[in-house]
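*Asks:* In my numbering, the protein residues as written are 1242 to 1604.
(1) Can you look up residue 1482 in the DSSP assignment and give me helix, strand or coil?
(2) Please name the residue, chosen from 1269, 1288 and 1287, that lies closest to residue 1279 on a Cα-to-Cα basis.
(3) From the DSSP output, which residues share a beta bridge with residue 1419?
(4) Distance check for residue 1256 and residue 1582, CA to CA, integer angstroms please.
(5) Between residue 1377 and residue 1344, what straight-line distance do the alpha-carbon atoms span, to the nearest angstrom?
(6) Report yes or no: do three or more beta-carbon pairs, one from the segment 1497–1513 and one from the segment 1404–1413, lie closer than 8 Å?
(7) I'd like the span of the alpha helix (DSSP H) that includes residue 1311, first residue to last.
(8) I'd like to know if the segment 1245–1252 and the segment 1357–1373 are in contact, where contact means that at least 3 CB-CB pairs between them fall below 8 Å.
(9) Helix, strand or coil for residue 1355 per DSSP?
(10) Is the separation between the beta-carbon of residue 1432 and that of residue 1446 shorter than 9 Å?
(11) Which ranges does the alpha helix (DSSP H) cover as unbroken runs of at least 4 residues, wholly within the segment 1352–1393, from first to last along the chain?
(12) Taking buried to mean at least 16 other C-beta atoms within 10 Å of its own C-beta, is residue 1358 buried or exposed?
(13) How big is the Cα-Cα spacing for residue 1464 and residue 1408?
(14) Is it true that the segment 1419–1437 meets the segment 1471–1485, where meeting means three or more beta-carbon pairs spaced less than 8 Å apart?
(15) Under 8 Å, with one C-beta from each stretch per pair, do the segment 1321–1340 and the segment 1302–1310 reach the 3-pair mark?
(16) Quick one: Cα of residue 1300 to Cα of residue 1439, how far?
(17) Kindly list the residues whose CB is nearer than 7 Å to the CB of residue 1396, restricted to its own chain and excluding five residues on each side of it in sequence; keep chain order.
(18) Measuring CA to CA, which of 1293, 1434 and 1336 is closest to residue 1534?
(19) Which whole-angstrom value is the C-beta distance of residue 1565 and residue 1412, which I expect to be below 8 Å?
(20) I'd like to confirm the pairing. Which residues does DSSP put opposite residue 1250 in its beta bridges?
(21) Note down, in chain order, each residue of its chain lying with its Cβ closer than 7 Å to the Cβ of residue 1460, except the 5 sequence neighbours on either side.
(22) Quick check on residue 1370: buried or exposed, where buried means 16 or more other Cβ atoms within 10 Å of its Cβ?
(23) Taking buried to mean at least 16 other C-beta atoms within 10 Å of its own C-beta, is residue 1320 buried or exposed?
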């Protein structure tokens, strides 16, 4: 994943993406005796192989058009105007198929709910955070560094995809009964929010992406940590079975409360500041309508997060006398995530400074 973000050549970039993806296919289907796990691994592999093939074809066309594989040599060749903007935009669409798959962008999100549900929960947490962050690192870097000459084409296209990704993810999450599928569609919706920062096409926009990804990663890891611990005791991933969790384990319930409210974008948590910067970047770039759509989607997302918390805190269960066991190592990891969520939200200046420093290299 580090190589994905740092690669300066198409060949190295493709090798890094595949070297990241293939172990993830194996890990998703790691529980060989579990039909859901093997199914998720197979689906992940088939969808990943198809999108990777399309992306590689796009890479080959880029090489054919520019006669080079170095990202900055490509940018210089395209900036000279020797290649038709329409041809370049069409090739970019092929490349976006692979990148869109990595970040769960609509319409390449269809693998997410099945893989998230079937894969071992720790692997689901890893795919939903680290893999997505690496995918966005590649997407942002390649689009801004290689394709500034056709931004008039891809900015409107990604703006539309951001709206579709946010809306589809949030609307489908409303109907979910399984907590991992709900978090899968939530992850799709968050990809849409991050795309807003990209189409803002400014240093502040990329800064907001870096900050948002940091906030999203710690929030999602905390949520999945609770899911892992609850499943170890209750053996269930259904949202209805979380009834009475606040009485069975007040600490876990509190961690779930902090994680889901952060994902929903409630102040003063990390997710709120992340959404604030992303929407501010859109407004700064004149995309007020896109920020408005993002706010509406955040309100929709708040509903299904609160639905889970309603089950956790208000519903009663026959198993309230059975405590949920939390090993010390898990408690430490979960505590660190919760503290990070609060610190990033309340003391955002240092994190924003680091995000600005990371974004400055692209501009």
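For glycine and all other residues, C-beta sits at the position ideal for the given N, C-alpha and C.
Quick caveat: nothing in here was measured; it's all calculated off a predicted structure.
*Replies:* On the basis of the supplied data:
(1) Numbered from its first residue, the chain shown carries residue 1482 at position 241. Helix.
(2) Locating residue 1279 in the chain shown gives position 38, counting from the first residue. Cα-wise, what sits closest to residue 1279 is 1269.
(3) Residue 1419 sits at position 178 when you count from the first residue of the chain shown. Looking at the DSSP output, residue 1419 sits in a beta bridge with 1479.
(4) Stepping through the chain shown from its first residue, residue 1582 is reached at position 341. Stepping through the chain shown from its first residue, residue 1256 is reached at position 15. Straight-line Cα distance between these residues: approximately 34 Å.
(5) Here residue 1377 refers to the residue found at position 136 when the chain shown is read from its first residue. Here residue 1344 refers to the residue found at position 103 when the chain shown is read from its first residue. The alpha-carbon atoms of residue 1377 and residue 1344 are separated by roughly 6 Å.
(6) With fewer than three CB-CB distances shorter than 8 Å, the segment 1497–1513 does not count as touching the segment 1404–1413.
(7) Reading the chain shown from its first residue, position 70 is the one you call residue 1311. Where residue 1311 is concerned, there is no enclosing alpha helix (DSSP H), given that its DSSP letter is neither H nor E.
(8) Flag = no, the segment 1245–1252 and the segment 1357–1373 do not touch.
(9) Locating residue 1355 in the chain shown gives position 114, counting from the first residue. Looking at residue 1355 - three-state DSSP - the assignment turns out to be helix.
(10) Counted from its first residue, the chain shown places residue 1432 at position 191. Counted from its first residue, the chain shown places residue 1446 at position 205. With respect to the 9 Å criterion, residue 1432 and residue 1446 are not classified as neighbours on the basis of their beta carbons.
(11) DSSP runs (the alpha helix (DSSP H)) wholly in the segment 1352–1393: 1353–1359, 1362–1367 and 1373–1387.
(12) For this step, residue 1358 is matched to residue 117 along the chain shown. Residue 1358 comes out buried.
(13) Locating residue 1464 in the chain shown gives position 223, where the first residue counts as 1. Locating residue 1408 in the chain shown gives position 167, where the first residue counts as 1. When only Cα atoms are considered, residue 1464 and residue 1408 end up about 22 Å apart.
(14) A contact between stretches requires three or more CB pairs, one per stretch, nearer than 8 Å, and the segment 1419–1437 meets this requirement with the segment 1471–1485.
(15) Yes: at least three Cβ pairs fall under 8 Å.
(16) The count along the chain shown starts at 1 and reaches residue 1300 at position 59. The count along the chain shown starts at 1 and reaches residue 1439 at position 198. Separation of residue 1300 and residue 1439 (C-alpha to C-alpha, rounded to the nearest whole angstrom) is 21 Å.
(17) Taking the chain shown and counting its residues from 1, the one referred to as residue 1396 is at position 155. Only 1440 and 1442 meet the Cβ criterion.
(18) As a position in the chain shown, residue 1534 is number 293, starting the count at 1. Restricting attention to 1293, 1434 and 1336, the CA atom closest to the CA of residue 1534 is found in 1434.
(19) For the purposes of this step, residue 1565 is taken as the residue at position 324 of the chain shown. For the purposes of this step, residue 1412 is taken as the residue at position 171 of the chain shown. No, residue 1565 and residue 1412 are not in contact; Cβ-Cβ is about 31 Å, not under 8 Å.
(20) Taking the first residue of the chain shown as 1, we reach residue 1250 at position 9. The partner list for residue 1250 (beta bridge, DSSP) reads 1311.
(21) Start at 1 with the first residue of the chain shown, and residue 1460 comes out as number 219. Hits under 7 Å: 1500, 1503, 1504, 1511, 1512 and 1582.
(22) Residue mapping note: residue 1370 aligns to position 129 of the chain shown, counting from 1. Label assigned to residue 1370: buried.
(23) As a working note, residue 1320 is residue 79 in the chain shown. With fewer than 16 Cβ atoms within 10 Å of its Cβ, residue 1320 is classed as exposed.
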